[in-house]
Amino acid sequence: MEKERILVTVKTYPTLSTKYGETVCTAGLRPDGTWVRIYPVPFRRLDQEQQYKKFDWIECQLVRNTKDRRPESFRPFDQLDLQTPVGHIGTDHCWRERRQVILKTARVYDSLDEIIAGAKANTMSLATFKPSQILDFTWKAEDREWPTDKVIQLQNATNQPDLFTDNAWRETFKIVNRLPYSFSYRFKDANDRESNLQIIDWETGALYWNCL
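The numbering used here runs 1079 ahead of the 1-based position in the sequence shown.
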């Protein structure tokens, strides 16, 4: 199986999953500008040299995530054997190299209608979007505690050794703190359509929108 080369642009904050335990969703761009989503990734269980950052190039073996219908969705062939990052794009020359991949190689949308139509038709679920105007930025406090049922399930799963993997991580694993705030933008697109965009990822700005 060939490895794919992905420029990581989105790495979500760890979340608790009743099925996968603690996971991270990663998204990024191939060299040709097409998007890919990688899930699930047990990020904090990866070896330190494998723990990639935003704008790292990674190489990994991916297979289609048949449990997620969205066209960009893949899963690691081996969750604990992701390739060590093979490069990094910095911010030199006003982000020139980053802008080359994200704003020139990848297609940039300026209309929400086209993105929403693609999402409804299941032809896209990730895109580079350029608003015409940012109208507002807001934040609000959220519950600081994880749902009790998810915590109990994750604790139970952590306490059950796996016969086929190294279980050393179970001895020191601690559940990550929940993010205490949520953030959102209000903006307009090129057609003057106004929308709310909620940031659901503190670190990276993994986004979804609620159109007015």
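Ideal Cβ placement from N, Cα and C applies to all residues, glycine included. Quick caveat, the model's predicted, so the values are computed rather than measured.
Within the model, the alpha-carbon separation for Val1142 versus Met1080 is close to 9 Å.
Apart from the 5 residues on each side of it in sequence, Asp1192 has no Cβ closer than 6 Å to any other Cβ in its chain. With respect to Ile1181, Tyr1188 sits apart: the two C-beta atoms are not nearer than 9 Å. Asp1135: member of the beta strand (DSSP E) spanning Asp1135 to Cys1139, first to last residue. Inter-residue distance for Leu1161 and Ile1231 is about 28 Å (C-alpha atoms, whole angstroms). As a beta-bridge residue in DSSP terms, Tyr1260 pairs with Ala1220. As a beta-bridge residue in DSSP terms, Gln1212 pairs with Lys1267.
With a contact defined as Cβ atoms closer than 8 Å, Arg1123 and Glu1101 qualify at about 7 Å. Within the same chain, and ignoring the five residues on either side of Phe1266 in sequence, the residues whose Cβ sits closer than 7 Å to its Cβ are Pro1210, Gln1212, Ile1213, Leu1214, Ser1274 and Leu1276. In this chain, the alpha helix (DSSP H) harbouring Lys1199 covers Leu1191 to Lys1199. Selection Asp1157, Phe1252, Arg1116 and Pro1110 evaluated against Gly1166 yields Pro1110 as nearest (Cα-Cα).
For Ala1198, same chain residues with a beta-carbon under 7 Å away, outside a window of 5 residues either side, are Ser1204 in chain order.
In its chain, beyond the 5 residues on either side, Thr1091 and Tyr1118 have a beta carbon closer than 6 Å to the beta carbon of Cys1104.
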